[in-house]
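Visitor:
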Amino acid sequence: MWEHHADRFPEATAQVQGDRVFTWSQFDRRADGIAATLLAAGAQHQDKVAQYMYNCPEYLESMFGMYKAGLVPVNTNYRYTDDELKYLWNNADAVAVVFHGSFAARCATLREQLPAIRTWIWVDDGSEPCPEWAIAYETAAASATSRTVAPWGRSPDDLYMLYTGGTTGMPKGVMWRQDDVIGSLDAASKQPLPSVPGWAQLEQRIVKPGPRNLPAAPLMHGTGAFNAMWNLSLAGSVVTLQGRHFDPIELLDTIALQ
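Under my numbering, the first residue of the sequence shown carries the number 364, and numbering increases by one thereafter.
1. Please return the same chain residues whose Cβ sits closer than 6 Å to the Cβ of Thr511, not counting the five positions on each side in sequence.
2. Residue range of the beta strand (DSSP E) that His368 falls in?
3. Among Asp446, Ala499, Pro478 and Leu451, whose alpha-carbon lies nearest the alpha-carbon of Pro436?
4. Name the one or two DSSP bridge partners that Met524 has.
5. Check whether the Cβ atoms of Val544 and Met524 sit closer than 8 Å, and answer yes or no.
6. Helix, strand or coil for Arg568 per DSSP?
7. Roughly how far, in whole angstroms, is the beta-carbon of Ser465 from the beta-carbon of Ser425, given that I think they are within contact range, below 8 Å?
8. Go through its chain and collect everything with a Cβ distance to Tyr422's Cβ below 7 Å, but skip five positions before and after it.
9. Would you call the CB atoms of Pro574 and Leu597 closer than 8 Å?
10. To the nearest angstrom, report how far apart Ala505 and Thr617 are at their CA atoms.
11. On the three-state DSSP scale, how would you describe Thr603?
12. Report the option in Cys470, Gly381, Ala507 and His608 whose CA atom is closest to the CA atom of Glu495.
13. Tell me whether Gln564 is buried or exposed, calling it buried when 16 or more other Cβ atoms sit within 10 Å of its Cβ.
14. What is the DSSP secondary structure of Phe385, counted as helix, strand or coil?
15. Output the distance between the C-alpha atoms of Ala580 and Arg474, rounded to the nearest integer angstrom.
16. Cα separation between Thr482 and His367?
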């Protein structure tokens, strides 16, 4: 669906963070690069990829890339300790991690204890250089010149995994079929999807780029993630705050600006 939106509305805005603006065409192509990089690194159908980032455009881009490659995004709480991260990524059977540079030292420690994680993709946040054991995100994002198609194709049974917060025990991965995710997003929309799936029906329902939405909650939380995915499914754009701690002044200023 997101690829279809990118084909129809290539110059419409897909993501905004501060002065960083990405069109749907850029969102799509950069996600192709992430998909191609993960596949080239040996990721197999429905392998798990952890997202260890603050809110940023790369979060949703990499998620899009994982969907393209038939892989499973795994949300990761950026407040977790080493032991909590080790538990989570072991429990998820993660084979790759996309992480902000601020977490490089912690990832360097954990990679020695998590040999199953073969691929580490470093997202530049101005903190420190890319480690020699990681792939620079921008290099990965720029690696595709055309749409990436996984050899196993796609299925409505492909998963989206959302880990619980651990408030009632250890975090547990809730496995959502992608078809069920779409159904849940559709239930929250005032423009329901057609009962018979098809691009013609979708085009009748979505005739122009959708609304602009600002998920103030972390994207690693279900509230933030579902809010963002819902808006992207309407061909809209997602605005993320630049601050890493909630600031109501920043939120209101950003709403006024956008």
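Just so it is clear, CB atoms sit at the ideal spot from N, CA and C, and this is done for glycine as well. For clarity, every value in this text was computed on a predicted model and none was experimentally measured.
Guide: To lay it out plainly:
1. Taking the sequence shown and counting its residues from 1, the one referred to as residue 511 is at position 148. These residues qualify, in order along the chain: Asp395, Ala398, Ala399 and Lys431.
2. One-based indexing of the sequence shown puts residue 368 at position 5. Element bounds for His368: not the beta strand (DSSP E) but the alpha helix (DSSP H), Trp365 to Arg371.
3. Sequence index remark: in the sequence shown, residue 436 carries index 73 (1-based). When only C-alpha atoms are compared, the closest one is Leu451.
4. One-based indexing of the sequence shown puts residue 524 at position 161. For Met524, which the question treats as bridged, DSSP gives the partners Val437 and Met538.
5. Working through the sequence shown from its first residue, we reach residue 544 at position 181. Working through the sequence shown from its first residue, we reach residue 524 at position 161. Taking 8 Å as the Cβ cut-off, Val544 and Met524 do not qualify as a contacting pair.
6. On the sequence shown, position 205 is the one that residue 568 refers to. Arg568: helix per DSSP, three-state reduction.
7. For this step, residue 465 is matched to residue 102 along the sequence shown. For this step, residue 425 is matched to residue 62 along the sequence shown. With 8 Å as the limit, Ser465 and Ser425 do not qualify as a contact, their Cβ atoms being about 16 Å apart.
8. For the purposes of this step, residue 422 is taken as the residue at position 59 of the sequence shown. Once the five neighbours on either side are set aside, the close Cβ partners of Tyr422 are Gln414, Met416 and Leu582.
9. Counted from its first residue, the sequence shown places residue 574 at position 211. Counted from its first residue, the sequence shown places residue 597 at position 234. Yes; because the gap between Cβ atoms is below 8 Å, this pair is in contact.
10. Numbered from 1 along the sequence shown, position 142 holds the residue referred to as residue 505. Numbered from 1 along the sequence shown, position 254 holds the residue referred to as residue 617. For Ala505 and Thr617, the distance between alpha carbons rounds to 29 Å.
11. As a working mapping, residue 603 is identified with position 240 in the sequence shown. Thr603: coil per DSSP, three-state reduction.
12. Position 132 of the sequence shown, counting from 1, holds the residue named residue 495. Measuring from the Cα of Glu495, the nearest candidate turns out to be Cys470.
13. As a working note, residue 564 is residue 201 in the sequence shown. Exposed: under 16 other Cβ atoms inside 10 Å.
14. In the sequence shown, the residue the question calls residue 385 occupies position 22. Note: Phe385 maps to strand in three-state DSSP.
15. Position 217 of the sequence shown holds residue 580. Position 111 of the sequence shown holds residue 474. Roughly 28 Å between the two C-alpha positions.
16. Counting from 1 along the sequence shown, the entry for residue 482 is found at position 119. Counting from 1 along the sequence shown, the entry for residue 367 is found at position 4. Going from the Cα of Thr482 to the Cα of His367 covers about 29 Å.
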